[in-house]
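Engineer: Can you keep this structure in mind? I'll have questions shortly.
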């Protein structure tokens, strides 16, 4: 900014006489660290998939890695496009976004295809599209809009109830697919947006207490009273991590195997001798349990590097919250940061045996077009918040 | 720019900054947890998990080693092995769900052509015997079943087909009591330190030499370790290590096949509960030994039917598993008289030439002891007394020694009423009644309060009364007399050979002890025994009078209420320098000369037929004569059988 004051020109240094290619692409206004973390994770994912899934689809060794590459490239393009769009537009479009979110999730019930007992995706010509993945971002954008818009309407209590309803309606739809994991992400997003939106602490205390009693009701009291609210496999997955050795044959088994895989990686990893993940002991190794693959193949070094990239990603996201030029940007960035943090913690925690199995993918690492694309788009929105903040700062100084 | 000032909202006030700060702190804590957990799993406990992962991906298959074969002294196979495909169920891996389990068993029953009920009963019975161990549902299943189960592994959780070695008995019951049998190690045994290297399903010798020589016969199992995936399927190129099983060593017995089958044939042709033993008097090698009724050890290679269990275990009279030759408990009758004679002679209680009047009965303290059939033998000295089996003569010797314990000491020295030291399990100690024994019983309030009296020793002098012994002990006593005073160590194990026939160990146990026997007394007694067998007035002259080999043998007829008399025959051959001793006894066999002596004769025939043939070969006489001798032997056996009938 010293530059701007020193030159005393209508346009500051970055916009010097002939704008450079970087300037024209708005690159200087983007958050390099954020982009680096996202791209690094996507690259790591492609690398890991290429190394470990070459025998998974007979006759097509590059099945997963090739597709993941395409998703990542599409995601990067999407990220760039969104970065250059002023995110504040989404605030105006909040009702449309929210409607699209709910409708797209509901459509899955009618047109979606079932996989493993759950309808959560459409089969499109090139890939299957899972609306709830994109829905995470859409929920952030819409809910943040509603929070800003209704900031002065109704009492604080009414507002809290309204936000909760707005957030929990799509969460309930997702839960019914059934997709417990994504529903939980929706819930986390809702709470995070409300938190950054300034909902009073006392309300959170009430919500917290309600949550605790709900969990107790669902996991302890209802089964005891023989009124199962969750499907038995869901119940098992949610509780088995507390005592994984109780039943090594199914739910606890996956967790035990993932934990064993990661532990066996030791400091530097087992490379191609990574038998836990190579010989199918760890299920879903290209999606939910990809972190176990990293842990076993590349050891503490590899796993810690990946975790560090996530730490960088979330640190940059939180920093963008503080930089945002307006409250909407803060809420959006906060929601996205929470969305990423929640998914990373729950998924990695699940791999490490300290969180229940909920079927939440690891953002950017787990194989899957919808998830990769949606995450890149979310990063794009973060970039947009960052860029608008930078541009407005520049504008202020320029003005 | 795009935004109006309205859109700026509240901006970063201090409360908002606090919230973001807490958010950041929360994120930091979460990442801290993940990093810590990662460090905990990989750095702190990595080795443990690596070991888990390695045991995860490998399956070890024990490859059982075939047990060593058991051979007779000529190298003929008595016990061998065959492979069998056994259908096994692992109870822990069967479906927990009762309906699923039922469906699986029903499918199995169909495949194995049995009923569901039968299968469930087998499972139940075996599980109650050994909970938790794999249950063999069916032995000897066909190959088709193996292939079917391989292809449909998923449908039959907990069911495996194992290739197992099973004992094969080409001669069925031959030498059954000597070889014994094997059985799967029991769960209780597995907990004993002695069997700690065994695993469920391993076979263990239970009786006979299978038991005593188990450590030589057992061999060492091999291990095949393969890499498997999560579904237990072997992965390509995943054979990691394989250690071949080491087959057990072969055991060669001292048993002579001809003597053994002749002895068993004699027992079964008489058809009474009884036993025989033939032993080398110098080495203690047991050349033949049998007990009747007998059993086919093959019965232990498959799950038994109830009828088989009843026959083997429940019948206390026939008790076919009991080896009566070493575990029987009988009074010895007149065969015991050599011990009385020896004790009296060695202690100067009688001289060989002393003539004793035998009026047919002997009365002492108001109690009268009579000869069998109350026959009066007139004036007899030692040799004559043995020849005609004068009870009165020995009653008097027993009376002379009744408070002195000479008889007990000599009987004890020659192996009566003590552990015979044989390499077979289950040998009985028996009972040699002594003054101390009876008086202690009385002191303890037993024996009807009747203290040791002259009558007890008089009874013992003729092998009656409280005496309990068996053919092995009697054979030891006769062998000691025959060889001039060496108490040999009886044994059936001759040598251990490895799978290539190399001798690993030879068994020639040293004698248990020496007994000083005056050669003059010995030859007097031997002469008496010789006359008893082949003298004109001998008690077994009818049987051995025309036997081509000179022998020294004694009949025995022991009272064993409530049963009929116990029949005995003990014989040393050839006379006067014996090589072997043969002892035969029959429960309820009546006079020794009636049943035991003919059986002993056919055993000696088998033994000497071979010797004669060998001698003739040495002398390079025509083979035709040898054949004739062989034929003659057979005819004689037939003659004996006719006589018995």
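Residue numbers (my numbering), protein chains in the order written: chain A, 1 to 399; chain B, 400 to 1044.
Every residue gets a Cβ at the ideal spot worked out from N, C-alpha and C, and that includes glycine.
1) Which residues in the same chain as residue 957 of chain B place their Cβ atom closer than 7 Å to its Cβ, once the five residues preceding and following it in sequence are excluded?
2) Do residue 616 of chain B and residue 467 of chain B have their C-beta atoms within less than 8 Å of each other?
3) For residue 414 of chain B and residue 150 of chain A, I'd like the C-alpha separation in whole angstroms.
4) Which class does residue 657 of chain B belong to by DSSP, given the choice of helix, strand or coil?
5) Please report the distance separating the alpha-carbon of residue 934 of chain B from that of residue 744 of chain B.
6) Using a threshold of 8 Å, state whether the C-beta atoms of residue 76 of chain A and residue 37 of chain A are closer than that.
7) Can at least three beta-carbon pairs, one atom from the segment 937 to 948 of chain B and one from the segment 734 to 749 of chain B, be found at a separation below 8 Å?
8) Which of the residues in the segment 491 to 520 of chain B, read from start to end, lie with their CB under 8 Å from any CB of chain A?
9) Distance check for residue 871 of chain B and residue 346 of chain B, CA to CA, integer angstroms please.
10) With a cut-off of 8 Å, do at least 3 Cβ pairs link the segment 52 to 63 of chain A to the segment 278 to 289 of chain A?
11) Can you pull the chain A neighbours of residue 555 of chain B, defined as C-beta to C-beta under 9 Å?
12) May I ask which residues mark the beginning and end of the beta strand (DSSP E) holding residue 480 of chain B?
13) For residue 262 of chain A, decide whether its Cβ has a neighbour in chain B, counting only Cβ atoms nearer than 8 Å.
14) Taking the straight line between their C-alpha atoms, what separation do you get for residue 214 of chain A and residue 106 of chain A?
15) Can you give me the C-alpha to C-alpha distance between residue 788 of chain B and residue 953 of chain B, rounded to a whole angstrom?
16) Assuming residue 490 of chain B and residue 526 of chain B form a contact by the criterion Cβ under 8 Å, report the distance between their Cβ atoms to the nearest whole angstrom.
17) Are three or more beta carbon pairs between the segment 383 to 394 of chain A and the segment 329 to 337 of chain A nearer than 8 Å?
18) Scan the segment 188 to 212 of chain A for residues whose Cβ lies nearer than 9 Å to a Cβ of chain B and list them as they occur along the chain.
19) Do you know offhand how far residue 791 of chain B's Cα is from residue 859 of chain B's?
20) Apart from the five residues just before and just after residue 146 of chain A, which ones in its own chain have a Cβ nearer than 8 Å to its Cβ?
21) Taking residue 904 of chain B as part of the alpha helix (DSSP H), name the residues at either end of that continuous run.
22) Could you pull the DSSP bridge partners for residue 890 of chain B from this structure?
23) Could you tell me which uninterrupted beta strand (DSSP E) segments, each at least 3 residues in length, are contained entirely in the segment 946 to 1004 of chain B, listed from first to last along the chain?
24) Can you name the start and end residues of the beta strand (DSSP E) that residue 674 of chain B belongs to?
25) Can you tell me whether DSSP reads residue 703 of chain B as helix, strand or coil?
26) Kindly list, in the order they appear in chain B, the residues whose Cβ is closer than 8 Å to that of residue 303 of chain A.
27) Chain B partners of residue 295 of chain A, CB-CB under 9 Å?
28) So what does DSSP say about residue 30 of chain A, is it helix, strand or coil?
29) Of the residues A:374, A:209, A:357, A:224, which one's Cα is nearest the Cα of residue 282 of chain A?
30) Are there 16 or more other CB atoms within 10 angstroms of the CB of residue 890 of chain B, so buried, or fewer, so exposed?
31) Determine contact between the segment 832 to 851 of chain B and the segment 905 to 917 of chain B, defined as no fewer than three beta-carbon pairs at a distance below 8 Å.
32) Would you mind giving the Cβ-Cβ distance between residue 885 of chain B and residue 813 of chain B, rounded to the nearest angstrom? I have them listed as a contact below 8 Å.
33) Out of B:669, B:430, B:566, B:470, state which residue places its alpha-carbon closest to the alpha-carbon of residue 482 of chain B.
34) Which residue's Cα is closest to the Cα of residue 378 of chain B: B:602, B:648, B:680?
35) Which one of B:857, B:751, B:734 has the shortest CA to CA distance from residue 815 of chain B?
36) May I ask you to verify whether the segment 287 to 307 of chain A touches the segment 260 to 273 of chain A, counting CB pairs closer than 8 Å and requiring at least 3?
Structural biologist: This is what the structure gives:
1) Result list for residue 957 of chain B: 729, 730, 731, 732, 862, 863, 964, 965, 967, in chain order.
2) Contact check for residue 616 of chain B against residue 467 of chain B passes: the beta carbons are separated by less than 8 Å.
3) For residue 414 of chain B and residue 150 of chain A, the distance between alpha carbons rounds to 19 Å.
4) Reduced to three states, the DSSP call for residue 657 of chain B is helix.
5) One C-alpha to the other measures close to 22 Å.
6) Their beta carbons are not under 8 Å apart, which means residue 76 of chain A does not touch residue 37 of chain A by this criterion.
7) For the pair of segments examined, the segment 937 to 948 of chain B was found not to touch the segment 734 to 749 of chain B: the number of CB pairs separated by less than 8 Å stays below three.
8) Those residues of the segment 491 to 520 of chain B that come within reach of chain A (Cβ to Cβ, closer than 8 Å) do not exist; the list is empty.
9) Lying before the first or after the last residue shown, residue 346 of chain B is absent from chain B, which here runs from 400 to 1044.
10) Under the Cβ criterion (8 Å, minimum of three pairs), the segment 52 to 63 of chain A counts as touching the segment 278 to 289 of chain A.
11) Listed along chain A is no residue with a C-beta nearer than 9 Å to that of residue 555 of chain B; the closest approach is about 17 Å.
12) Looking at the DSSP string, the run of the beta strand (DSSP E) that includes residue 480 of chain B is 476 to 488.
13) Cβ-Cβ to chain B under 8 Å: yes for residue 262 of chain A.
14) Their backbone Cα atoms lie some 25 Å apart in a straight line.
15) If you draw a straight line from the Cα of residue 788 of chain B to the Cα of residue 953 of chain B, it comes to about 8 Å.
16) With a Cβ gap of about 6 Å, residue 490 of chain B and residue 526 of chain B count as contacting.
17) A contact is defined here as three or more CB-CB pairs under 8 Å, and the segment 383 to 394 of chain A meets this definition with respect to the segment 329 to 337 of chain A.
18) Flagged, chain order: 192, 195, 196, 198.
19) Rounded to the nearest angstrom, the two C-alpha atoms are 13 Å apart.
20) Excluding positions up to five away in sequence, the list reads 94, 98, 162, 163, 166.
21) Unbroken run through residue 904 of chain B is the beta strand (DSSP E), 902 to 905; no alpha helix (DSSP H).
22) Bridge pairing for residue 890 of chain B: B:684 [DSSP].
23) Segments of the beta strand (DSSP E) lying fully in the segment 946 to 1004 of chain B: 951 to 957, 965 to 972, 979 to 985.
24) Where residue 674 of chain B is concerned, the enclosing beta strand (DSSP E) stretches over 673 to 679.
25) Collapsing the DSSP output to three states places residue 703 of chain B in coil.
26) Those are 437, 441, listed as they occur along chain B.
27) Per Cβ cutoff of 9 Å: 437, 440, 441.
28) In the structure shown, residue 30 of chain A sits in coil (DSSP, three-state: anything other than H, G, I, E or B).
29) For residue 282 of chain A, the closest of A:374, A:209, A:357, A:224 by C-alpha to C-alpha distance is A:357.
30) By the neighbour-count definition (other C-beta atoms within 10 Å, threshold 16), residue 890 of chain B is a buried residue.
31) Contact between the segment 832 to 851 of chain B and the segment 905 to 917 of chain B is absent, because fewer than three Cβ pairs lie under 8 Å.
32) Residue 885 of chain B to residue 813 of chain B, Cβ: 11 Å. No contact.
33) Across the set B:669, B:430, B:566, B:470, the C-alpha of B:566 shows the shortest separation from the C-alpha of residue 482 of chain B.
34) The displayed coordinates of chain B run from 400 to 1044. Any statement about residue 378 of chain B would go beyond what the structure contains.
35) Here the closest residue by C-alpha is B:734.
36) Cβ pair count under 8 Å is three or more, so yes.
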